[in-house]
Amino acid sequence: MFLFFSINLNASSLAVIVSKDSSIENISKKELSKIFLSKTKKLPNGDKSLTLEYINKKYQSEFYKIVCNKNEKQLKKYWAKMIFTGRGQPPKKLKSIEELISFVQNNKNAISYIPTSHMNDNLKIIMEIR
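The numbering used here applies: residue 1034 is where the sequence shown begins, and numbers increase by one.
Dropping the structure here:
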């Protein structure tokens, strides 16, 4: 089951991804939001989550707007509070999409999002956002 959310990324869509070896088949928007906002440290299958994102403001902005209902300013404020109180850390940021893909492919607890155009056979889409 795939869930689709409409966003405008110049006809591109984002894929929420895990390793092909992960037992996760799908995820709800609510579960995804909790994971990426560090409100839970567990994936839907009970494994510890490792959230990652590559540095791209366009995709980050759209992802958090749709999935977490937060704009950039709200997100900065949210993470400042979470870090200050010791309740959470933002996703690990990677400089290249290739590095992110490689990391997710080789770590069954990793979860991220990428443009669908970067998908390969070693990744599994658990939600598509378009």
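Quick reminder that beta carbons are idealized off the backbone N, C-alpha and C, glycines included.
8 Å Cβ cutoff met for residue i and residue j
i	j	result
Glu-1086	Pro-1124	yes
Ile-1162	Ser-1046	yes
Asn-975	Leu-1083	As displayed, the chain neither begins before 1034 nor continues past 1163, which places residue 975 out of reach and without an answer.
Ile-1088	Lys-1126	yes
Ala-1143	Val-1051	yes
Ile-1116	Gln-1107	no
Cα-Cα separation, residue i to residue j
i	j	result
Tyr-1146	Asp-1154	15 Å
Lys-1109	Asn-1078	29 Å
Ile-1159	Lys-1053	10 Å
Asn-1104	Ser-1055	30 Å
Lys-1029	Lys-1072	Beyond the ends of the chain as shown, which are 1034 and 1163, falls residue 1029; an answer cannot be given.
Phe-1069	His-1151	21 Å
Thr-1118	Cys-1101	20 Å
Gly-1059	Asp-1080	In the sequence under discussion, the amino acid at residue 1059 is Asn, which differs from the Gly named in the question. Roughly 14 Å separates the two Cα atoms.
Lys-1114	Lys-1067	16 Å
Ser-1129	Lys-1063	27 Å
Trp-1112	Leu-1133	21 Å
Tyr-1094	Gln-1138	The identity of residue 1094 in the sequence shown is Ser, whereas the question assumes Tyr. For Ser-1094 and Gln-1138, the distance between alpha carbons rounds to 24 Å.
With 16 other Cβ atoms within 10 Å as the buried cut-off, status of residue i
i	result
Glu-1131	exposed
Ser-1135	exposed
Lys-1157	buried
Phe-1096	buried
Contact test: residue i Cβ vs the ligand ZN heavy atom, cutoff 7 Å
i	result
Ser-1145	As presented, the structure is devoid of all ligands, the ligand ZN included, so that no description of it is given.
Any C-beta of chain C under 8 Å from that of residue i
i	result
Lys-1126	Looking for chain C here will not work: only one protein chain is present.
What beta strand (DSSP E) runs, 3 residues minimum, are completely inside the stretch 1039-1070? Every unbroken stretch of the beta strand (DSSP E) spanning 3 or more residues and falling wholly within the stretch 1039-1070 is given here in chain order: 1047-1052.
Within the stretch 1065-1109, ranges of the beta strand (DSSP E) (whole runs, at least 3 residues): Listed in chain order, the beta strand (DSSP E) runs fully inside the stretch 1065-1109 are 1083-1087, counting runs of at least 3 residues.
Threshold first: 3 residues or longer. Then list the beta strand (DSSP E) segments lying entirely within the stretch 1121-1150, N to C. Complete beta strand (DSSP E) runs here, min 3: 1125-1127, 1143-1148.
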